[in-house]
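> Quick one: the structure is below, and I'll ask about it shortly.
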Amino acid sequence: MKKIPFLFAFLLSTLFVFAQKAITLEDCFVQYKFYPQSGSELFYLKDGHHYADIDHKAMHIRSVQDLVSDSTVTLLLPETAQAFDQFEFSADETKLLLRTATEPVYRHSVLANYFVYDLTTQKTIPVYEAEKQQFATLSPDGKLVAFVVANNLYVKDISLEKTVQITRDGAKNKVINGLPDWVNEEEFSPVDGEGMVATRWSPDSKSLAFIRFDETAVPEITMTWYDGEAYPSHSAFKYPKVGAPNATVSVHLYDVAADAMVGEIMGLEPDDYVPRINFTQDNQLVVSRLNRLQDTLELLIAMPERVLYDQDINQYFIPTRLLLRETDAAYVTLEWSNAMTFLKNDPQHFLWMSERSGFQHLWLFPMPTKFGEKPIQLTQGNFDITNFYGVQEKTGKYYYQTATPTPLDRQLWEGDLHGGTPRLMTPTPGTHEANYCPTFEYLQHTWSDANTPPIVTLCNVQGDTLRTIATNERVRKLREQYGFANKTFFTYSLPDGTELNGWMIKPAVMDSTKKYPILLDNYGGPGSQTVLHQYDGYMNTWHQMLVQAGYVVASVDNRGTGARGRDFKKCTQLQLGKLETEDQIAAARYLGSLPWVDATRIGIWGWSFGGYLSTSCILKGNDVFKMAMAVAPVTNWKWYDSAYTERYMHTTKDNAAGYEDNSPVNFAELLRGDNYLICHGIADDNVHWQQTTEMINALIHANKQFETYYYPNRNHGIYGDNATLHLFTKLTSFVLGKL
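For the sequence shown, this note's numbering begins at 1162 and goes up steadily by one.
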């Protein structure tokens, strides 16, 4: 092959650079210029052949199949409910529950005004007018709506417009009925839902189960708010940290027709968590009991027909029987318990996700009446199921997503309850996601890869495309105009042979005479993944801006991250941060060994767990990393919440060395130079401002120089009123100045 003269190559690369449009911070964090269209998730009707499309003034019922003629049915919404941000159909699809005037409380929970709109009579009924409500939910028959006001649970009869107050002991920072407290909402909300559900209707609408949280003994955390007044204001909420008292949790069953409590569920210990409540198809209440160490999860079936009365305290109790026990030497992976499915056509069995084979797989479990029958593992292989979409019982087909053919990819599959070889529906590499209709005849399919913005289509289950919803051609053209460089993947091996996955973005044209600085973008927390064959339309834009400035950006999934089986994920148990830090340091050493990398200019940054890791790395890897940036970092696990931290670390009493050996505050003296930036929101309800102030104290004590930015009235996300742009302006200037 004929070599290109050096001068010509230099001129070519220079022309290419000047031909690019420069990416700005405003492009990234104000205009979101490169953010792809995902296509709003279709809300299918129960027939599976129609879907609802609502534009805040009207609801349009459209046919999935009718692509030519206009068969849309349009229903105008009442003016009082047009500013809604969420809607829910009743089971018979005659009513809509609309949520308006939302005020955020924590990550998932909100205060709002709810309305019930009758599609037949076109009448609108406010759920409750005295004050805002939380978590309103329609009964399956559409006749009732349950909701929470001021920590008490209510039920409203829609047709009679009559409201009944079920509980009366709710009080702020004391007792919560029908809603999770802070730590349960934060740590036990399903990954595929909007928040932990603490109120659940039975399928026949006759019973209402709810969780009660008595957080009287839980210590409070106080937030300070700076609003331009002479004196700052303060707010407080209950936040259990490692070893502190948790809320005492109980589960109660209410009989709607009798307007009376059936009783409290038996079988719970004072320190237990109850992350889920569910009903079987024949209206049996199933309570998920998780012990505080989270290494044992039990499913308990309530037996209200055997209710017991304790006359000393004038209270009824409901016995339980064991449905399933899941144990793990480290911890039970809870997220997928939300995929528990009770079968209508086979009430003697249910579907359950488990890691008991070493990977996350789908199992068919017998009900207690099938005494002696063993569970059946439905999916097989050395890979994790990453989503379960549901089952079509008429055909016996079920649908799921896997981390295959590599942990970086996601594929869609069709399985069969009756056996047989599963069918791969999406062989193309990359990430495939789905939103199935209730009958599983159609799906909204989204595909992307690391360098291709999402393509969203409406398909039938055979794979035929019926309609293209989004192609993101605009983003594709912008990538070309701005000279986006492709993300590429790499692997490297640790000394023990463990192979880790990473990605990097290099300048599209590399100067062979130059060595490049590298910024590692990390998260690294338990079960997470940053190395995915999936399009990132948000942070990737900022990465591309840094690449335009002459940097290489990379990311590595350390041990403890997800989609590689139980052992890889849980090997960090009782030493959270140790292996993760070692792996990020090893990644930096590996990258520094590449001939085009300037090994003296390697930096690392991250947010939350990633901020913890970047802080740990700049200290314990001070001979490798030149600089580090940490946003909202944990700096000592003993100051974080009980449910998350004890899952991986147990308590300081049980595991003192695990805490002390892996907390950056104990290693502040290892910092070299003044190349460390730490940023935090003062009103962060998740990782408290305390974590950063204690780190600052340690650095001051060690006489180490550093930089810090703090954001009044901002939470863990640091956004609102220009905060995001302001933060990334600082992060960018720190990279340019220190690396």
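A virtual CB, placed ideally from N, CA and C, is assigned to each residue, including glycine.
Please read these numbers as outputs of a predicted model, since none were measured by experiment.
For residue 1536, which option in 1514, 1519, 1550 has the closest C-alpha, if you only look at C-alpha atoms?
Scanning 1514, 1519, 1550 for the CA closest to the CA of residue 1536 turns up 1514.
> Could you tell me the distance, in whole angstroms, from the CA atom of residue 1335 to the CA atom of residue 1650?
50 Å
> For residue 1893 and residue 1246, I'd like the C-alpha separation in whole angstroms.
34 Å
> Please report the distance separating the alpha-carbon of residue 1676 from that of residue 1699.
When rounded, the distance between both Cα atoms is 28 Å.
> Nearest to residue 1735 by alpha carbon, out of 1666, 1809, 1711, 1789?
1809
> Specify, as a first and last residue, the run of the beta strand (DSSP E) that residue 1620 falls within.
From DSSP, the beta strand (DSSP E) with residue 1620 extends over 1613-1621.
> Comparing C-alpha positions only, which one of 1559, 1806, 1431 sits nearest to residue 1585?
Ranked by Cα distance from residue 1585, the options 1559, 1806, 1431 are led by 1559.
> Mapping DSSP to helix, strand and coil, what is residue 1268?
coil
> What does DSSP give as the partner residue(s) for residue 1792 in the beta ladder?
BP columns for residue 1792 point to 1768, 1840.
> So, is residue 1469 buried or exposed, given that buried needs 16 or more other C-beta atoms within 10 angstroms?
Exposed, since its Cβ has fewer than 16 Cβ neighbours within 10 Å.
> Going by other Cβ atoms of all chains shown within 10 Å of its Cβ, with 16 needed for buried, is residue 1862 buried or exposed?
exposed
> Need the endpoints of the alpha helix (DSSP H) that residue 1438 sits in, please.
It is not in any alpha helix (DSSP H) - residue 1438 instead sits in the beta strand (DSSP E) that spans 1438-1440.
> Would you check if the distance between the CB atom of residue 1746 and the CB atom of residue 1714 is smaller than 8 Å?
no
> DSSP beta-bridge partners for residue 1281?
Note: residue 1281 sits in no beta bridge, so no partner.
> Pick from 1379, 1488, 1824: whose alpha carbon is nearest that of residue 1397?
From the listed residues 1379, 1488, 1824, the smallest Cα separation to residue 1397 is found for 1379.
> On the DSSP letters alone, give me the boundaries of the beta strand (DSSP E) that residue 1604 sits inside.
Annotation for residue 1604: the continuous beta strand (DSSP E) segment containing it runs 1603-1610.
> Suppose only complete runs of 3+ residues qualify. What are the beta strand (DSSP E) ranges in the segment 1687-1771, listed by chain order?
1713-1718, 1758-1768
> Kindly say whether residue 1748, judged by its beta-carbon, lies nearer than 8 Å to any beta-carbon of chain B.
Among the chains in the structure shown there is no chain B, since it carries only a single protein chain.
> Rounded to whole angstroms, what's the CA-CA distance from residue 1459 to residue 1487? Just pull it up for me.
6 Å
> Cutting at 8 Å between CB atoms, please list the residues of its own chain near residue 1306, excluding the five before and the five after it.
1258, 1275, 1277, 1288, 1297, 1298, 1299, 1300, 1316, 1317, 1319
> Kindly indicate which residue of 1812, 1872, 1652 has the alpha-carbon position closest to the one of residue 1404.
Selected option, being the one with the closest Cα: 1812.
> Can you say whether residue 1822 is buried or exposed, counting buried as having 16 or more other CB atoms within 10 angstroms of its CB?
exposed
> Per the DSSP calculation, residue 1630 is bridged to which residue(s)?
For residue 1630, which the question treats as bridged, DSSP gives no partner whatsoever.
> Report the option in 1350, 1525, 1356, 1360 whose CA atom is closest to the CA atom of residue 1337.
1360
> Contact defined as beta carbons within less than 8 Å: I believe residue 1688 pairs with residue 1723. What is the distance between those atoms, to the nearest angstrom?
4 Å
> What are the start and end residues of each continuous beta strand (DSSP E) run of 3 or more residues lying completely inside the segment 1323-1359, in chain order?
The DSSP assignment places 1323-1326, 1336-1338 as complete runs of the beta strand (DSSP E) inside the segment 1323-1359, in order along the chain (cut-off: 3 residues).
> Does DSSP classify residue 1869 as helix, strand or coil?
strand
> Starting from residue 1859 and walking both ways along the alpha helix (DSSP H), at which residues does that stretch end?
Per DSSP, residue 1859 belongs to the alpha helix (DSSP H) from 1850-1862.
> Are there 16 or more other CB atoms within 10 angstroms of the CB of residue 1225, so buried, or fewer, so exposed?
buried
> May I have the straight-line CA-CA distance separating residue 1619 from residue 1604, to the nearest angstrom?
6 Å
> Classify residue 1893 as helix, strand or coil using the three-state DSSP reduction.
For residue 1893, the three-state secondary structure derived from DSSP is helix.
> Which residues in the same chain have their Cβ closer than 7 Å to the Cβ of residue 1190, if we skip the five residues on either side of it in sequence?
1885, 1886, 1889
> Buried or exposed, going by whether 16 or more other CB atoms sit within 10 Å of the CB of residue 1883?
The residue in question, residue 1883, is exposed, as its Cβ has fewer than 16 Cβ neighbours within 10 Å.
> Kindly give me the distance between the Cβ atoms of residue 1726 and residue 1549, rounded to whole angstroms, as I take these residues to be in contact under 8 Å.
That pair is no contact at about 17 Å.
> Just checking my contact of residue 1590 with residue 1694 at CB under 8 Å: how many whole Å lie between their CB atoms?
6 Å
> Per DSSP, what kind of secondary structure is residue 1464 in: helix, strand or coil?
coil
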